[in-house]
Ligand SMILES: Cc1ncc(C[n+]2csc(CCOP(=O)(O)OP(=O)(O)O)c2C)c(N)n1
Ligand SMILES: Cc1ncc(C[n+]2csc(CCOP(=O)(O)OP(=O)(O)O)c2C)c(N)n1
Ligand SMILES: [Mg+2]
Ligand SMILES: [Mg+2]
C-alpha cells in the first residue's frame, strides 16, 4: 500500500494506540470488501450499505466512548459495530441470516444489535434512532449514572422532523447525548445542497443552542480528539453535543445504486484523502510503521475476516417453526 | 371604554383605514365574547378556543394579503376568518352545527373553511397546516401566479417536526409562504421556555436561512406594517418569510382550562396592552376618534354579532341521512 | 368507595410512581396543566418535574424517547393527548417499539406503556374523535388494551407496566367522568382475558370501551322483550381472547359485535372472521357488526350521534338476528 | 409488446406529465437517482427539475405539500419510497388528505396521488418489508389501489389522477421486474371493479397484489387435481368491490382469501366479514384466510419465506376447503 505523502508533525497519540486505530479501520475496510464479494456470491442478501471511506468516523468517535455508554447507529453500521468491539464472526453470520448472527439472523446487515456492548442497532428508518438515543440518555440521567448515549446518523436525516424534535428535547432536558452526524454529502442520490438550505450542521445546532463542532472525518486523530472533547463535555452534564463529521462514501449507496448523481472525478478526489491510506502514510512518515508492519496488520486483519466468514459459513439456520418467536417476550418480569 | 394614555405620534395610516382596523378587531372581540356566552348556553359545543387579546395579529397580517392569496389557520381561527372577510353569520352557524354554517356544520369552531376567500381552515392538528401552506405556495409558484400562502400557527407548533420540515422545504424551493407565528407564550399550559431552548423565533428561522422579523403583536399598526413588508418580499419571489407576532391570550386555552399554569397578575399586566383599548386610545389621543365615534362602532359591531346569532339560530340541521356525504366527491373530473 | 374513571386512572398512575422508581409520566401538559383530561392533576406537585414531565409538542420525539428510556431500564408511561395525534408518532411505535425485540433477536425488549384518549361523542370533529385502537391491533409486537370499567381503569396500568413489551392503553374520553364503585383493595387486573358482564343464552354481544355500556343498556332493554343477550367486554384487542368469545357464541349461536371504530378492516371484522373460521358450524346465522359510520367525524351533534353506535341500533340489530334466525 | 411492470408504471407517469401541465412528480430521489426502484429513471432529463422534484428526507412535509398543491389546483404524484416510511406522513394522510373534503363541507377536495412500494420477499427485514395497504384501507376519505398486472401498472395512475379525491397506489416491489405483454394502445383502466383472472366452479380465491400470481400458480396446480379455483384480483382495496367477489362465492360456495398483510384486522378479515354478512347462506364451509405470519419481517430468507403466503399453502388450504366441505 503506497502511502500518499503527508506532512507528519509528531503524533498526539502513542504508537500502540495509533496502530490500534489503523488496525480497526483496516478491519472495517477488509470486512466490507469481503461483504461486497459475498453479496455478489449471494451469501448476503437484502440491502447492504458499505461504510468504505468513512472508517475514521466510527473508529475515532467510538474511541471516545466507555463500555457503559449506549450506541445507536444506522443501516450503514458495520463499521460502528466492529469499532464497538462486536466480533466480526457474529456480524458476518448475521448478514448470512444464521442464528449464530448477533441478531440471530432476524436483522441482517441493517440491524446489527448487541446487548453486551449496548449497541442498540442498526436502525433502517432515517432519523428513527435519534429519539431513541434521547430516551437512552434520559434513562441514564434519571438513574444518575454518567453514561452517555451516542447516536450516529447521516446528514440526510437532518431534514427529518425527528431530528428537530430530538435536538430540542435533548437540549431542553440537558441530556447526555452525543449527536454524531456523518456528513458524507449525499443521501442516496441527493446532494446535501439539494436537501438543506443550511448545509453547515453547526449552524443547524445553533437553532437549538446545542453545542457543535465540525471536524475532518477523514482524519481519525482529529475525529478522536474532537469526540473525546465532546464526550467529556456531555458526560460532565453540559447537555448534548453535535459533532459534524465531514466524510465521504467511496462506494455506491447500496448494491443497487448506479451512481448517476455524482462524478467519478469527485469520488477520485476524495479517495486521495482515504482515511486509512493517509493515516498509514503518516505513521510511515513518522517511522512508527513500515511496510512489514503494515503487512503484519493486513495479515491479522485478513485472518480475522477469513475466520468471520468461516464462522458464518459454519452457522446454522434457525428452524422455521421458531418464526413467531421474539414478537413478544417469553418471560414476564 | 377608557383608553390608557399612549404617546401618539401622527398615525402612519389614514383615519378611515385606522377605523376599519379598529372595527375589525372589535368585531372579533365581541363575536367571541358572544361565542363564550353561547358556549355556556350550550348552543356551541366541542372545543372553543378564543382569540381574545390577539386580535391585532389576525387583523394586521390579513390586511397585508390579497384576495388571490391562500390562508391556512389553526383551531383558534375565528379572528382570522372574520378578518379575512368571511361573514359572521356563517361562522356562527358553523359553531351551532347548522348546515348554513361555512363548513355546513361538519367542522365546528376548529374547522372554519371558505373557498371564496381561499381560507383553507381551521386545522386542529398543531403544525398540521404548515406543510399544506408550503404546498399551496408550490402550486402558485408552479402556476406562475404571484399569490402567496399565509400560514398562522402558534409558537407551540415550532417544536413539531412538521415545522422543521416545512421551513426547510419552503426555503429550499424558494416558495412564497408567509409563516405567521403567533407567539402568545403558552401552548395550552406549557410556557414557551419549557418547550423550546431557543425562544426567539427569528433565531429558529436562521437555522433555515429563512428571513424573519419579530413584531409587537399587540400593536395592529406595527403588525400591519411588518406584514406588508414581509408579504411584499415574499410576493416578489424572495422565498418564505417568518413573522413572529408577540402577543398574549387573555382567556383560557379553551373552555376547559383551569389556568393553573400562569399567574393572574401576568394576565393583568398583558391586559394593559389590550390591542383594542390601546389602539382606540391612540386614535382618541390623535383626535381621530371620540367616545361618540367609538359608540357608533360598538353599535354597528354589536348589530353584526346579533345578526350573526340570529342567522345561526334560524339555521337548519342537515338531515342525518346525508351523514355519509363529503367522504368522497360526488362529481368526477 | 365511589370514584370516577379519571380518579381510578390517576390512582393507578400514582401507585405506579410510588411503587417503582423506574416509572415516570411524560407527555404534553401532564404536569402544570394537569393533563388535557385532568387525569394527572396534582401529580406534578406530588412527584416533581423529574417524574411528571411536560414535553414540547413533539409526539415523535417523546414517544421515541419513551422507547429509548424503556430500553435503558426505565418504565415510562407516555401520554399522548388523543389518538389522532399519535399518528405523528406512528413511525416510532410501529417501526421501533413493535420491532426492537424481534430485530435484535430477543436481546432488547421495550417495557413501555403509552396511554391515549380515544373515541367520539364530544363534538370534537374530524381530527379529534376517532377510535383507532382496533386499527392499532393490526400491529404485531404491541399489545392493545381498552379499559372500560373503573376496575380496569384502576388495574390495567400496573399489569401493563409489568409487561416486558409495549402496551398501548386506550381510554375512551367519554368515560372519564363515569362514576362507579371501587373496592378499596382494588389493584392490578389481568390483561389477557375478555370478561362476561352479563350472561345470556340468545345472542352474544361482543364489545369493548365505551360501547360496553351501550351494549349493557341494550341488553337490559332486550331482556324486557325476553331476549337474553350475553355481553362480553373484550378488554384487550391484541392479543384477542378468542376462547372467551368463541365459547360464548358456541352457547348462544348468534353474535353481534359493537365497535366504535370505522367498519372496514376493523377489529370487529377480525372477530367476525375468527368466528367464521372457528365457530362456523355453531352459527345459526351471520355475525353482525355495529360500527361507526365510515366518515371523518362530523361536528354537528345529531350527525355525530348518527355516526356512532347507539343503544337503539344495538337493540334493533339484535332483535333481527334473534328473530330471523330463531 | 413486452414490458416490465416498472416500465409500464414509468410510461404511465410519463404520459400523465405529457398530457397535463398540472401533474408533477415529487419524492425522495425520484430525479437524479432515478427512483429507489428506478421507476422514474430518465424522467428528470425529459421533464426537468420543476416537474420531477427531488425532496429532502421529509415525508410529512412533502406529502403535506402534495395535499396543499392539490388544494391549490395541481395534480401531484407523490412518491414515498416504501410503505414503512409513509408512517412518518400518516398524520398528513389521515388527518388532512382524508378529512379536508368532509371538514370543509364539500368545499375543498384533494386530487392527490401517492405512490409507494410495499411488500416483502427481498430480505429487507422488519423496517422495510410490510404490506400495510390493507391497513390503509380502513381510512374513509382515501382510495387504495393495488396494481398487480402490467395493464393496471400502466392504467391505474391516469384514473387515480382523474379522481377528485386522494388515491394511494401500492406497488408490490417484487413486481417491478415482472414482464408481460402490453397492448400498444393500453391506457387508463377503471379502479372500481375487481377482476376475475381465472374462472372456476369449486372455490373462489380472493387476492390482490403480488399474491395474485401465487394464487394463479396455485389454481393451475389445483386444476391438475381437478379442483377448479376462480381467481379474483381485488385491484382496489377501498372501496371494495363486494359485488364481484360475493357473486363469485355465490357460484362457488367456498372462498379462500390470500393477503400478504398481517392477519389480524386485515383486509382479508374485512372480506371474510362481508361474506359472513352478505353470503352466509351461500357458504358450504368457512371462508379461510392465508396471510403473512404476524411477525415483524425477519431477514433470513427461509424465515421470510415461511412468513409470506406461498403457493403450497394456498394449494393445501384450498384442497382442505374443497375436500372437507365437498
Ligand atoms: C424515513 C426514511 N426515508 C427514506 C429511507 C430510504 N433511505 C435509506 S438511506 C437513505 C439516505 C440517507 O442518507 P444519510 O442520512 O445522509 O445517510 P447515508 O446513507 O449517507 O449514510 C434513504 C433516503 C429510509 N430508510 N427512511
Ligand atoms: C399534534 C397535536 N398535539 C397536541 C394537540 C393538542 N393541543 C391543541 S392546542 C395545543 C397548544 C398549541 O399551542 P400553540 O401552538 O402555541 O397555539 P395556541 O393555542 O397558543 O394558539 C395543544 C397541545 C393538537 N391539537 N395537535
Ligand atoms: Mg449521507
Ligand atoms: Mg401559543
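Protein chains in written order, with my numbering: chain D, 1226 to 1558; chain W, 1226 to 1558; chain S, -13 to 312; chain Y, -13 to 312. Cβ coordinates follow ideal geometry from the N, Cα and C atoms, glycine included.
- Not one beta carbon of chain Y lies nearer than 7 angstroms to the beta carbon of residue 231 of chain S.
- Of the residues D:1316, D:1345, D:1338, the one whose Cα lies closest to the Cα of residue 1295 of chain D is D:1345.
- Taking the beta carbon of residue 1434 of chain D as reference, the chain W residues within 7 angstroms of it are 1422, 1423, listed in sequence order.
- Taking non-hydrogen atoms of ligand 2 into account, the C-beta of residue 157 of chain S is found less than 6 angstroms away from none of them.
- Annotated as distal: residue 265 of chain S and residue 230 of chain S, with beta-carbon spacing of 7 angstroms or more.
- DSSP lists S:11, S:99 as the bridge partner or partners of residue 63 of chain S.
- Contact of residue 1486 of chain D with chain Y is assigned, a C-beta pair being separated by under 7 angstroms.
- Residue environment analysis places residue 1463 of chain D among the exposed positions, since fewer than 16 neighbouring C-beta atoms fall within 10 angstroms of its C-beta.
- Note on geometry: alpha-carbon atoms of residue 1250 of chain W and residue 1328 of chain W lie some 23 angstroms from one another.
- Using a Cβ distance threshold of 7 angstroms, residue 1538 of chain W and residue 1324 of chain W do not count as a contacting pair.
- Within 6 angstroms of the C-beta of residue 1412 of chain W there is at least one heavy atom belonging to ligand 4.
- The beta-carbon of residue 285 of chain S is placed less than 7 angstroms from the nearest beta-carbon of chain W.
- Residues of the stretch 74 to 92 of chain S with a Cβ closer than 8 angstroms to any Cβ of chain D, in chain order: 77, 78, 81, 82, 86, 87, 88, 89, 90, 91, 92.
- Taking a cut-off of 8 angstroms for Cβ pairs, the stretch 1329 to 1345 of chain D and the stretch 82 to 97 of chain S touch, as three or more such pairs fall below it.
- Taking one beta carbon from each stretch, the stretch 62 to 82 of chain Y and the stretch 1415 to 1423 of chain D have fewer than 3 pairs nearer than 8 angstroms; the two do not touch.
- Taking non-hydrogen atoms of ligand 4 into account, the C-beta of residue 1354 of chain W is found less than 6 angstroms away from none of them.
- Under the DSSP definition of a beta bridge, residue 5 of chain Y lacks any partner.
- About 15 angstroms separates the CB atoms of residue 1394 of chain W and residue 1459 of chain W; that is not less than 8 angstroms, and the two are not in contact.
- Chain-order list of chain D residues neighbouring residue 47 of chain S: 1356, 1359, 1387, 1390, 1391, 1394, by C-beta distance under 7 angstroms.
- For residue 102 of chain Y, no Cβ of chain W is located within less than 7 angstroms of the residue's own Cβ.
- Distance from the CA of residue 253 of chain S to the CA of residue 195 of chain Y, rounded to the nearest whole angstrom, comes to 23 angstroms.
- Taking C-beta separations shorter than 8 angstroms and ignoring five residues to either side along the sequence, the partners of residue 1426 of chain W in its chain run 1380, 1383, 1406, 1408, 1437, 1439, 1467, 1469, following chain order.
- Collapsing the DSSP output to three states places residue 291 of chain Y in a helix.
- Taking the Cβ atoms as the reference, residue 13 of chain S lies roughly 27 angstroms from residue 294 of chain S, outside the contact range of under 8 angstroms.
- Of the candidates D:1243, D:1252, D:1236, D:1252 places its Cα closest to the Cα of residue 1524 of chain D.
- For residue -10 of chain S, DSSP records a beta bridge to S:165.
- Residue 58 of chain Y is positioned such that its CB atom lies closer than 7 angstroms to that of residue 1364 of chain W.
- Rounded to whole angstroms, residue 137 of chain S and residue 168 of chain S show a C-alpha spacing of 7 angstroms.
- Residue 1380 of chain D has its Cβ nearer than 6 angstroms to a heavy atom of ligand 3.
- Annotated as distal: residue 1456 of chain D and residue 1284 of chain D, with beta-carbon spacing of 7 angstroms or more.
- At a cut-off of 7 angstroms, the C-beta of residue 196 of chain Y has no neighbouring C-beta in chain D.
- Residue 1268 of chain D and residue 1321 of chain D have their C-alpha atoms spaced approximately 6 angstroms apart.
- Secondary structure at residue 245 of chain Y: strand, using DSSP grouped into helix, strand and coil.
- Under the DSSP assignment, residue 129 of chain S falls outside any alpha helix (DSSP H), being part of the beta strand (DSSP E) whose first and last residues are 129 to 131.
- Residue state for residue 307 of chain S is assigned as helix, using DSSP reduced to three classes.
- Looking at the backbone, the Cα of residue 143 of chain S and that of residue 7 of chain S are separated by about 16 angstroms.
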